[in-house]
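Count along the sequence shown from 1, add 3, and you get the number used in our numbering. Everything on this sheet refers to the single structure shown next.
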Amino acid sequence: MFSKDSTIGVIGSGAMGAGIAQVAATAGHPVIVYDSSQQALDRAKTSLESTLKKLAEKQKLTEQNAQEILKRTQYASNLEPFKDCALVIEAIVENLEVKQQVFANLETIVSDNCILASNTSSLSIASIASACKKAERVVGIHFFNPAPLMPLVEIIPAISTDSKVTEASKKLIDGWGKVTVLVKDTPGFIVNRVARSFYGESIRIYEEGIADFATIDWAMKSFGGFKMGPFELMDFIGNDINYKVTESVWTQFFYEPRFKPSLTQKRLYEARWFGRKSGKGYYDYKEGAAAPKALEDEELGKMIFYRVISMLINEAADSLYLQLASKEDLDLAMTKGVNYPKGLLKWGDELGLQNILNILTDLYSTYGEDRYRPCVLLKRMVTKGENFYSVN
Ligand SMILES: NC(=O)c1ccc[n+]([C@@H]2O[C@H](COP(=O)([O-])OP(=O)(O)OC[C@H]3O[C@@H](n4cnc5c(N)ncnc54)[C@H](O)[C@@H]3O)[C@@H](O)[C@H]2O)c1
Numbered sequence: 004m005f006s007k008d009s010t011i012g013v014i015g016s017g018a019m020g021a022g023i024a025q026v027a028a029t030a031g032h033p034v035i036v037y038d039s040s041q042q043a044l045d046r047a048k049t050s051l052e053s054t055l056k057k058l059a060e061k062q063k064l065t066e067q068n069a070q071e072i073l074k075r076t077q078y079a080s081n082l083e084p085f086k087d088c089a090l091v092i093e094a095i096v097e098n099l100e101v102k103q104q105v106f107a108n109l110e111t112i113v114s115d116n117c118i119l120a121s122n123t124s125s126l127s128i129a130s131i132a133s134a135c136k137k138a139e140r141v142v143g144i145h146f147f148n149p150a151p152l153m154p155l156v157e158i159i160p161a162i163s164t165d166s167k168v169t170e171a172s173k174k175l176i177d178g179w180g181k182v183t184v185l186v187k188d189t190p191g192f193i194v195n196r197v198a199r200s201f202y203g204e205s206i207r208i209y210e211e212g213i214a215d216f217a218t219i220d221w222a223m224k225s226f227g228g229f230k231m232g233p234f235e236l237m238d239f240i241g242n243d244i245n246y247k248v249t250e251s252v253w254t255q256f257f258y259e260p261r262f263k264p265s266l267t268q269k270r271l272y273e274a275r276w277f278g279r280k281s282g283k284g285y286y287d288y289k290e291g292a293a294a295p296k297a298l299e300d301e302e303l304g305k306m307i308f309y310r311v312i313s314m315l316i317n318e319a320a321d322s323l324y325l326q327l328a329s330k331e332d333l334d335l336a337m338t339k340g341v342n343y344p345k346g347l348l349k350w351g352d353e354l355g356l357q358n359i360l361n362i363l364t365d366l367y368s369t370y371g372e373d374r375y376r377p378c379v380l381l382k383r384m385v386t387k388g389e390n391f392y393s394v395n
C-alpha cells in the first residue's frame, strides 16, 4: 500500500506533529506539514533545521542526509497540497469537534485511498472517524513524546476501521524503525490506562500518611528499578497534563474507581504547581531549594513497592482479560512507551502471581473499595497454577 515515495501529510506542527514529520522524512518520505498557525509552522521548520544540524555534528547522520531530509519536508499554509498524500497524520489540539471538522474537511481534498490517522491521546477513534464519509479509512496512530526518540507507537483500529488500513499502517510504522503495538479503541489505549496506578496508588499512599513523596519515589526506584519515582515523573510530565489524562480516563471508563483522580493532584493543578515547567510541583525546583530526604526504611520501601506494583500488574491482567491487546504487546508498550524496567505481566510471573493476588485480596478486604478488587483472570490463573508466559 505504501512505498518510500508515498507522501505523508502531517496536520499540526506542535510538539507531536513536528516530531512525527521528522520521523517520516527521516524514513525517506516526502512530507507536507500544515498548521493553522504560521508561527507554529515557522517554529517547526527552525527546530527541524537545528535538530538535523546537531545530529550531523554528532555524526548520527551525514550532512547530505540532513539536507535531503530538509528538502523532503515541505510546509503548507493550507490543505490543498494534501491531495497527493497516501497517509495523513493529524496532531492538532485535543478537541473532538475541532478534530472532526479537520477530518471532514480533509476528506474533500485527499484521494479515495488515502489513510487518515489521528495521534489523539484520549479521544475515541470511532468518534473522530464518524465525521468522515469513509470512516473505514480512519485509524489511530499514537506516537509518544518526543516522537523521534520514543520507540513505541500504538496502532488503534476503531470498530469502523478496515483491517487492511490497520495492517498497512502498522507495516508502514514498523518500517520507520518504531515498535508498534495493536490496541483496542478504549480510553488511554495501553500506556495511558495501565500506567494510571503508578501515579494514583502512590498518591493514595501519600494521602494516607504512610510515606512522603521522596520516600515513595525512593521505594519505587530502589525496589522496582524505575528510572524515576512517580512524583518525580508527574512533575516531569506536568501535573496539568497528568491530572487531565487521569480525569479523562476515569470519566470515559464510566467512573471506574481504579482510575479515580486524587484531590491532592487536583489542588496542585489548580494552584498551577505543574512541576518542573512551573518551578514547583510535588517538589520545589527553584535554585537553591533543598531536596527532601527519603526515609530509607527497607521494610516500608518494600511495602510501598509491592502495593503499587500489584495494582499495576492487576491493571495489565485486566487489560489482557478484556482483550485490549496481546500479552506481548501489553508488555512491550510499558517498556518501550514509558521505560518500565520490565513488562508488567512478565514481572507478575517473576514476583509470583499468588503473591500479587494475596496483596490485592488483603487491600480489598482492608479497604472494602472496588479499586482493589483482583482481576478475574489473575484469580483463575492462580487457582490453576498458571503464569502469563509459562505453566508452573
Ligand atoms: N504532547 C504529548 O505528550 C502528546 C503525546 C501523544 C499524543 N499527543 C496528542 O497529539 C496531539 C497534539 O499534541 P501536541 O502536544 O503536539 O500539541 P501542541 O499544542 O504542541 O500542537 C498542536 C498544534 O496544532 C495546531 N492546531 C490547532 N488547531 C488546528 C487546526 N484546526 N488546524 C491545524 N492546526 C491546528 C496548533 O497551532 C499547534 O501548533 C493531541 O491530540 C495530543 O493529545 C500529545
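C-beta atoms are modelled at their ideal positions from N, C-alpha and C, and glycine is treated no differently. Bear in mind the structure is a predicted one, so any value in this text is a computation, not a measurement.
DSSP assignment within the segment 155 to 233 yields the following whole beta strand (DSSP E) runs of 3 residues or more, N-terminal first: 155 to 160, 182 to 185. Between ligand 1 and A198, a heavy atom-to-CB distance of less than 7 Å is absent. Here E93 carries a strand assignment [DSSP, helix/strand/coil].
DSSP places V105 in the uninterrupted alpha helix (DSSP H) bounded by 99 to 110. The continuous alpha helix (DSSP H) containing S53 extends over residues 41 to 60. Here Q67 is exposed: its Cβ has fewer than 16 other Cβ atoms, across all protein chains shown, within 10 Å. A Cβ-Cβ contact shorter than 8 Å links S322 with V197. Secondary structure at F146: strand, using DSSP grouped into helix, strand and coil. Taking C-beta atoms under 8 Å as the contact rule, V182 and P154 qualify, at a distance of about 5 Å. L347 is a Cβ neighbour of L315, given a cutoff of 8 Å.
For A274, there is no enclosing alpha helix (DSSP H), as DSSP marks it with neither H nor E. Not one heavy atom of ligand 1 lies closer than 7 Å to the C-beta of E157. Remark: three or more beta-carbon pairs, one from each stretch, lie closer than 8 Å, so the segment 80 to 95 and the segment 9 to 16 are flagged as touching.
Using a cutoff of 7 Å, the CB of T76 does not count as near ligand 1, since none of the ligand's heavy atoms is closer than that.
Of the other Cβ atoms in all chains shown, 16 or more fall within 10 Å of the Cβ of Q268; this residue is therefore buried. Less than 8 Å divides the Cβ of I118 from the Cβ of A171. DSSP, reduced to helix, strand and coil, places T10 within a strand of the structure shown. Contact between A132 and V141 holds: their C-beta atoms lie close to 4 Å from each other, under 8 Å. Remark: the shortest separation between the CB of V311 and any heavy atom of ligand 1 does not fall under 7 Å. The nearest non-hydrogen atom of ligand 1 is 7 Å or more from the C-beta of H32.
Ligand 1 has a heavy atom closer than 7 Å to the beta-carbon of N122.
Its chain contains F146, A150, P151, W179, K181 as the residues whose beta carbon lies nearer than 8 Å to that of V26, once the 5 sequence neighbours on both sides are disregarded; these appear in chain order.
Within the segment 62 to 93, the runs of beta strand (DSSP E) at least 3 residues long that lie entirely inside it are, in chain order, 76 to 79, 88 to 93. Rounded to the nearest whole angstrom, the C-alpha separation of L55 and E71 is 10 Å. Of the residues assessed, E93 falls on the buried side of the cut-off, its CB having 16 or more other CB atoms within 10 angstroms. The three-state secondary structure of K289, taken from DSSP, is coil. Here P377 is buried: its Cβ has 16 or more other Cβ atoms, across all protein chains shown, within 10 Å. Judged by the Cβ position, S40 qualifies as a neighbour of ligand 1 at the 7 Å threshold, a heavy atom of the ligand being closer than this. Closer than 7 Å to some heavy atom of ligand 1: that describes the Cβ of G20.
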